[in-house]
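Residue numbers (our numbering), protein chains in the order written: chain L, 243 to 556; chain U, 56 to 397.
So this is what it looks like as structure tokens:
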């Protein structure tokens, strides 16, 4: 039937293949997954485009006027149409600070998840493949770390880094410190998952076949084993993204995160918290709602991905 | 069939040994971790899976190793191809010691000659790789064909050699049936132009109807490419179909070795007799047959003397004390006190 046609022309393109995949099928039949994807994409787009779409630049002192402080949302009595969601104690537009704050929250979230993933995958591969004392040392560290809540680890690392950097230079390295402390507190999950999968995969015969032709262990790990353990890692990464964003918000809320001059969602909630009981609820509620919707959507997406990649639920 | 086998035997008598296995031994440490041993006051536990096995395979021959589960067949296979280091003994392939010290170049040249076909065709192909990439991997690893389009052509050739469509290289392993996957695994094994292929129960995971196809393919390839096989199986019907020589393993020891035709016509060792009695056979319909007595003992605590003595119908008084030495009985080599010289 196809003996005359060229074999290359018969091969469907990347997009056609993606649309044909099981994952897309599951996605197109899950309204929840689609809604949460739309929300996450919108939030990410809004964060990326903040300088373009934000009505004000909340960090340019020239634009701020103390006379605009504590204005309620535009639809309430005393609201100003220039400030849709009202203003905070320094006259900054709440909507604009949320858009800019999301940038920092998402950036810290993504960066720390990637850091945790790289660290966890590397240590997991190492532990699973090397076995013996290397495995024991890595996994005992992981066990010990799991006995502490992640936030405590992050606080500890954060505190040490703060003490080492000194108060003046700390603001410059705060982003890196946050990423490191959140990433270091999350690597265990990746490490354990990858190690477990490596133990299963490394005894499969396709790995033996690769050893037989004399491939180096690390080549086998990266080319053969890693692609087969990435499924669960992807699920953890998605769910961890929400957790990382919340952890960053918690650290910032506790005052050890980003400084108020470059606030993340957590910082905004903390600032607003001081005014909650004096009636200026919008300063803290709107960043709070944003954080909740963002974390919820990412989590729902992760849940769907976990089910979609689970062969037993297909 | 009989003529075919005699011809094979005659031909193999002239050929030189390609594979030489001498005194191969492997034990595994099953001890609990150090801390548990200390607290529970238990000692080290070790299992001898392979205990002093010698055999040689001549070029163009199919040497079959048979035995029940736990007899050490697969352990031998892994030591022969260089995946599992032996505790003692040596494996020589085409004059090269598989486990000796070698330069990377010598190592590569040796590895090119050895390939393996695995038992489970669902686990032996990486599910994330396209079939074409799977087959091309040995070619790339040994740097045999540098040009990508030449390599693709060679992959197509290999696919047609094993009876698949050259276009199947574009597909993923899960798009194939068990028999087709085993053909892909064979194509991968052939990719590096090997001389010697270890087949570790290559048909035991397949449907009976497909088994014969794969076995015939293996035989055709042997004749066409002059391959030498080490064929591991627990299925005597399959072994009868493919083997030129047969070695029977019991708890890590080779109890009988003989040309296939002779072994099936006149088994010498009581264990071999017992195994052959158990082979399903239409001619045997209605006849009384000897049931296999007992089970293979725990290899951690094997019986002393001849490992087989607790199950042996022809047991002598010294069998539970002395390890039998190999004796030549016609063309066969048997380890059994029945054949001890007086």
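C-beta atoms are modelled at their ideal positions from N, C-alpha and C, and glycine is treated no differently.
Inter-residue CB distance, residue 132 of chain U and residue 255 of chain U (contact presumed, cutoff 8 Å)
5 Å
Residue 299 of chain L to residue 529 of chain L, Cα distance in whole Å?
17 Å
Would you check if the distance between the CB atom of residue 141 of chain U and the CB atom of residue 80 of chain U is smaller than 8 Å?
yes
Would you decide whether residue 229 of chain U is buried or exposed? Buried here means 16 or more other CB atoms lie within 10 Å of its CB.
exposed
Since residue 448 of chain L meets chain U, which of its residues come closer than 7 Å, beta carbon to beta carbon?
Below the 7 Å Cβ cutoff, chain U contributes 178, 179, 180, 181 as neighbours of residue 448 of chain L, in chain order.
What does the alpha-carbon distance come out to for the pair residue 455 of chain L and residue 252 of chain U?
13 Å
Selection from L/439, L/297, L/383 that minimises the alpha carbon distance to residue 466 of chain L:
L/439
Below 8 Å on the Cβ atoms is my contact criterion, and I expect residue 297 of chain L with residue 335 of chain L to pass it. Report the Cβ-Cβ distance as a whole number of Å.
Going by Cβ atoms, the distance from residue 297 of chain L to residue 335 of chain L rounds to 6 Å, so yes, they are a contact pair.
Thinking residue 123 of chain U and residue 300 of chain U are a contact (beta carbons under 8 Å), I'd like their distance in whole angstroms, please.
Not confirmed; about 20 Å, so no contact.
So, at 6 Å on beta carbons, what are the nonlocal neighbours of residue 118 of chain U in its own chain, with the 5 sequence-adjacent residues on each side left out?
112, 285, 300
At 8 Å on the CB atoms, spell out the chain L contacts of residue 247 of chain U, in chain order.
Chain L residues near residue 247 of chain U: 455.
Which stretch, first to last residue, makes up the beta strand (DSSP E) that contains residue 99 of chain U?
Careful: residue 99 of chain U lies outside any beta strand (DSSP E) and carries neither H nor E.
Of the listed residues L/551, L/304, L/431, L/373, nearest to residue 485 of chain L (C-alpha basis)
Residue L/431 holds the alpha-carbon nearest to the alpha-carbon of residue 485 of chain L among L/551, L/304, L/431, L/373.
If we cut at 8 Å on Cβ distances, does residue 134 of chain U have a partner in chain L?
No, residue 134 of chain U does not count as interfacial toward chain L.
Secondary structure at residue 334 of chain U, three-state DSSP: helix, strand or coil?
Of the three classes helix, strand and coil, the one that applies to residue 334 of chain U here is coil, per DSSP.
Anyone know if the C-beta pair for residue 421 of chain L and residue 495 of chain L falls short of 8 Å?
no
Residue-chain proximity (residue 459 of chain L, chain U), Cβ-Cβ < 8 Å:
For residue 459 of chain L, no CB of chain U lies under 8 Å from its own CB, so it is not counted at the interface with that chain.
Run of the alpha helix (DSSP H) containing residue 81 of chain U, from where it starts to where it stops
Where residue 81 of chain U is concerned, there is no enclosing alpha helix (DSSP H), although the beta strand (DSSP E) it sits in stretches over 72-84.
Residue closest to residue 318 of chain L, alpha-carbon to alpha-carbon, out of L/328, L/338, L/311:
L/328
Are residue 172 of chain U and residue 73 of chain U close, meaning C-beta to C-beta below 8 Å?
At least 8 Å separates the beta-carbon of residue 172 of chain U from that of residue 73 of chain U.
Would you say residue 249 of chain L reaches chain U, if we count a Cβ-Cβ gap shorter than 8 Å as a contact?
Unreliable positioning characterises residue 249 of chain L in this predicted model, as indicated by a pLDDT of 41, which lies under 50. A coordinate reading is not provided.
Distance, Cα to Cα, residue 338 of chain L vs residue 293 of chain L?
9 Å
Please decide whether residue 466 of chain L counts as near chain U, where near means a Cβ-Cβ distance under 8 Å.
yes
Expressed to the nearest angstrom, what Euclidean distance is found between the alpha-carbon atoms of residue 390 of chain U and residue 82 of chain U?
21 Å
Taking its Cβ as the centre, do 16 or more other Cβ atoms sit within 10 Å of residue 98 of chain U, making it buried, or is it exposed?
exposed
Using a threshold of 8 Å, state whether the C-beta atoms of residue 548 of chain L and residue 138 of chain U are closer than that.
no
Chain L contact residues for residue 208 of chain U, given Cβ-Cβ distances below 8 Å
None at all; the shortest Cβ gap to chain L is about 12 Å.
Could you say if the segment 265-285 of chain U and the segment 231-242 of chain U meet the contact criterion of at least three C-beta pairs nearer than 8 Å?
yes
Which partner residues of residue 118 of chain U appear in the DSSP bridge assignment?
U/285, U/300
Could you pull the DSSP bridge partners for residue 309 of chain U from this structure?
U/304
Span of the beta strand (DSSP E), counted from its first residue to its last, around residue 388 of chain U
387-390
Cβ-Cβ separation, residue 325 of chain U to residue 369 of chain U (assumed contact under 8 Å), whole Å
5 Å
With 8 Å as the threshold, decide whether the Cβ of residue 196 of chain U is near any Cβ in chain L.
yes
Between the Cα of residue 316 of chain U and those of U/308, U/307, U/291, spot the shortest distance and give me the residue it belongs to.
Residue U/291 is the option with its Cα nearest to residue 316 of chain U.
Among L/367, L/354, L/427, which one has its Cα closest to the Cα of residue 385 of chain L?
L/427
In chain order, each alpha helix (DSSP H) run of at least 4 residues that lies wholly inside the segment 168-255 of chain U:
186-196, 203-216, 233-245
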